[in-house]
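So the protein sequences, as listed, match chains E and H. Here the first sequence stands for residues 0 to 348, where the numbers follow numbering that gives the first Met the number 0. Here the second sequence stands for residues 0 to 348, where the numbers follow numbering that gives the first Met the number 0. Ideal placement from N, C-alpha and C gives every residue a C-beta, glycine not left out. Predicted model, so just to flag it, every value in this text is computed and none were measured. Written below as structure tokens is the structure these notes are about.
Number of protein chains: 2
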Amino acid sequence: MRFMTETLTERQKLILALVVREYVDTAEPVSSGRLVKNYRLDFSSATVRNEMAVLTDQEYLQQPYTSAGRIPTREGYRFFVQQLMGPAELPSHIQQMIRHQFYQARHDVDDWLSLSASVLANHTQGASLVTALHMDEARLNHVALLATRGRQVLLVYVLEGGEVRQQTLVFEEQIPQGRLSGIAENINQDERVKDLQTLRVMIEEAEDEVEHEVLSVILEEIEDTDLISTGNVYRDGLTNVLSEPEFSDPAAAQKTLRLFEDRSVLDDLLSKTIFERDSSGVQIIIGGEGNWEELKNCSVILAPYGTEKHSLGAVGVIGPMRMSYSRGVSAVRFVSDLMSELLTEAVAS
Amino acid sequence: MRFMTETLTERQKLILALVVREYVDTAEPVSSGRLVKNYRLDFSSATVRNEMAVLTDQEYLQQPYTSAGRIPTREGYRFFVQQLMGPAELPSHIQQMIRHQFYQARHDVDDWLSLSASVLANHTQGASLVTALHMDEARLNHVALLATRGRQVLLVYVLEGGEVRQQTLVFEEQIPQGRLSGIAENINQDERVKDLQTLRVMIEEAEDEVEHEVLSVILEEIEDTDLISTGNVYRDGLTNVLSEPEFSDPAAAQKTLRLFEDRSVLDDLLSKTIFERDSSGVQIIIGGEGNWEELKNCSVILAPYGTEKHSLGAVGVIGPMRMSYSRGVSAVRFVSDLMSELLTEAVAS
DNA sequence: TTTAGCACTCTCACCAAGAGAGTGCTAACA
DNA sequence: TGTTAGCACTCTCTTGGTGAGAGTGCTAAA
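Printed below as a string of structure tokens:
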């Protein structure tokens, strides 16, 4: 019931911030007395109680039951994140350490991705997600076809922007490498980037059965995988989030774990971040706000990464609503910035 | 205390089998009365009690506490698996259905792998594992180098046997595609398969700085990834195993889940299966028997797959010790056979 | 050898009582 | 008017006790 003006006094903000902080630490409802004691406040617990009553009226705090301590509501966290949480940064020695780890893997972009996932999991104590490089639309830059064994053929294609995909195909009959090279050469021959329409035309014009078959399969594969969902998603820290008290109920744990197995929700989430350019930075979804029913009681911190021209992927962490947002945001921001920096550097000639 | 001869009477075997079956179904200690009632045995519960006492003496059964029903011990399961469980097969309509699914993905070996994981998870209600194709030792068949963007270079290499790997590399400076093609051509030029030693010699003989650098990085990458551990592992059905009552304790659930995140145990397990050729077929590890301390209370069913000449990977399921071994074995055997069949077919010209 | 009968054991669900934590309210105070 | 001490009240959580129920082991009879 928001009767009153929504503006909070400084003291109310302080108390809200402390409740969030204390609850994040202890996972237990925060009482007025505890707050005064732990933070040596220069007003009494009765005063805190009065302020808490106001914050409860305004729906920033809630009580699990009458006469228990308070815990933040979703709105409470939201207010904390937007107005109370300072601009957090990872300690500089940690930043150094992470940079060093990335440097050691400097030749391998895939390693950067799994490293990102592992860094995020370790520094946030949550579960992390990292999508592989991905472009908005499939426009072919380069195709290679390699006969590997018997009827198996390896298709490797490079998309505009540098994303690379590979797929093992099996054809009805064995096709000699020379033939394959010819077909690939055909696709690659003129310099301009090819969209899928060009490929369709080529299929129409194919000179023989084999070429027709090969091109069709290639088109099919590329179309199939023209969704974010095919990019690898790197995950880490699942066990972290499972050790949180909110997941001691196995049903809740299972529900959350299912998020990680079912790609659908994840994909929605991540692709939204990648393509939403203006958000320009870290995005925080608290308690599944905005129709993410599946994410109830969970929070997600996401950020896109990429070069100036292209948003190539997203990194993020998932944890219980009661997570350390400052640690989360600082880690996600640092990793996404670092990835962007490294990739931009790699693209620069 | 195995005073008596280890041979069991037919009736004892029957009762052991029924206890296993009933316990797998209900997850509750099995009482003598229940057994008689559910399976309409033509002897009384008192007789069953006497036989159960013998089986308990022989350590095939155990009691959680005095005067509770019985549950199988690890040895009980082992005996059941080796001597009591008939040669189980998946129902033929299920087999048809699975074959159909694989057929629909006939162009893409990677799809086969994730499909295998999903099929195993669904038909065993456990968690499944599938390793990607892998060869015993890295012997190069073919190398391709593609300049993708800026200083990024895509390295694709095909190993003897058809395994393909790709890696994105970043070099100190941009290298033109022509130069890269030259170097790749150099490696590919003579027809014989190259082992890593050949590559080392080539590094020594490299004509200039760039070639030396590129070859060194390639060697490094291949050496780094010459372990089973780098192959992708496909997983599915994590949530299945979490819904089992033995994992209602979050600590137990976490311990098991950690198995799936830490690759080390998994890798040991899977690589052992792949390389242990004589075992020729399905391998069952019950309750972590044989020094798999981490797998206590879990059972694993594994089988290698591959072509006649090469064992290329492994498929398996993990579940609680109280799992349906017959369903597990039949599913794992069917999937590994199917994969072998498909791959053999694909290799044949 | 099998089985009916029975006493015994152990768990589990239920209830009641008491301790403890924390609140809301009131009245006094600066 | 804002703050605080005091206090009654509420709600949870733990503890202990009790009774029902399930299931066994043992004994003695068939």
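Does any residue of chain H have a CB that is nearer than 7 Å to the CB of residue i?
i: G305/E; result: no
i: D277/E; result: Legend: pLDDT at D277/E = 49, less than 50; position of this residue unreliable, no value from coordinates given.
i: D107/E; result: yes
i: H122/E; result: no
i: S257/E; result: Sequence check: residue 257/E is Arg here, not Ser. Output row for R257/E: interface = yes.
i: P86/E; result: no
i: Q62/E; result: no
i: I227/E; result: In this prediction, I227/E has a pLDDT of 44, which is less than 50 and means its spatial position is unreliable; what the coordinates show is noted afterwards. No - not a single Cβ of chain H is within 7 Å of the one on I227/E.
i: P71/E; result: no
i: E260/E; result: yes
i: V23/E; result: no
i: L237/E; result: yes
i: L145/E; result: yes
Helix, strand or coil, according to DSSP, for residue i in the structure here?
i: V334/E; result: helix
i: I174/E; result: coil
i: T167/H; result: strand
i: Y64/H; result: coil
i: T25/H; result: helix
i: S242/E; result: coil
i: T6/H; result: coil
i: R77/H; result: helix
i: V35/E; result: helix
i: Y59/H; result: coil
i: A87/E; result: coil
i: A126/H; result: strand
i: N296/H; result: coil
i: Q151/H; result: strand
Would you say residue i reaches chain E, if we count a Cβ-Cβ gap shorter than 7 Å as a contact?
i: A345/H; result: yes
i: G149/H; result: yes
i: H349/H; result: Any question about residue 349/H goes unanswered here, given that chain H covers just 0 to 348.
i: V175/H; result: Here residue 175/H turns out to be Pro, not Val, going by the sequence shown. Not one chain E Cβ lies under 7 Å of P175/H.
i: L241/H; result: yes
i: E245/H; result: no
i: P90/H; result: no
i: V142/H; result: no
i: P319/H; result: no
i: Q11/H; result: no
What does a CB cutoff of less than 6 Å around residue i pick up in its chain, not counting 5 residues either side in sequence?
i: E58/E; result: T72 and E74
i: G32/E; result: S44
i: S352/E; result: The requested residue 352/E does not occur in the structure, where chain E is confined to residues 0 to 348.
Just to confirm my understanding: we take residue i, look at its own chain, exclude 5 residues before and 5 after, and list those with CB closer than 8 Å. What are they?
i: F333/H; result: E88, L89, Q94 and I97
i: A330/E; result: L89, V118, L119, H122, T123 and V316
i: G286/E; result: R73, Y76, L294, K295, N296, C297, S298 and M320
i: L83/H; result: K12, L15, A16 and V19
i: A205/E; result: H211 and L214
Under 7 Å Cβ to Cβ from residue i, same chain only, skipping five residues before and after it: list those, please.
i: L17/E; result: L34 and Y38
i: L341/H; result: F101 and W111
i: D277/E; result: Because the pLDDT at D277/E is just 49, under 50, the model does not fix this residue reliably, and the point stays unresolved.
i: S30/E; result: G68
i: Y22/E; result: V29, I70, P71 and R321
i: S228/E; result: A caution first: S228/E carries a pLDDT of 45, below 50, which makes its placement in the model unreliable, though a value can still be read off. Excluding residues within five positions, the ones whose Cβ falls inside 7 Å are R262 and D266.
i: A350/E; result: Here chain E has residues from 0 to 348 only, and residue 350/E is not among them.
i: L226/E; result: Note that L226/E scores 49 on pLDDT, short of 50, meaning its location in the model is unreliable and no value can be drawn from it.
Sort the options by Cα distance to residue i and report the nearest one.
i: E222/H; options: V209/H, Q166/H, M51/H and P63/H; result: Q166/H
i: E208/H; options: R178/H, I70/H, D41/H and D235/H; result: R178/H
i: K254/E; options: A302/E, P63/E, L294/E and E204/E; result: L294/E
i: K271/H; options: G312/H, G181/H, S325/H and D336/H; result: G312/H
i: L153/H; options: L301/E, V108/E and N185/E; result: V108/E
i: E307/E; options: M338/E, N290/E, V328/E and I300/E; result: M338/E
i: N231/E; options: L145/E, R262/E and A131/E; result: A131/E
i: E260/E; options: R48/H, R234/H and V281/H; result: R234/H
i: Q188/E; options: A146/E, E204/E, V142/E and E210/E; result: V142/E
i: E172/H; options: E344/H, V314/H and R150/H; result: R150/H
i: D336/H; options: S323/H, V53/H and L301/H; result: L301/H
i: W291/E; options: V264/E, Q282/E and V281/E; result: V264/E
i: Q103/E; options: Q62/H, V169/H, Q61/H and P303/H; result: V169/H
Using 6 Å as the cut-off, classify the Cβ of residue i as near or not near the heavy atoms of the ligand ATP, replying yes or no.
i: L195/E; result: What this structure holds is no ligand at all, so the ligand ATP is not there to describe.
The segment 316–325 of chain H / the segment 115–128 of chain H touching (three or more Cβ pairs under 8 Å): yes
Stretch pair the segment 76–86 of chain E + the segment 194–202 of chain E: three plus CB contacts closer than 8 Å: no
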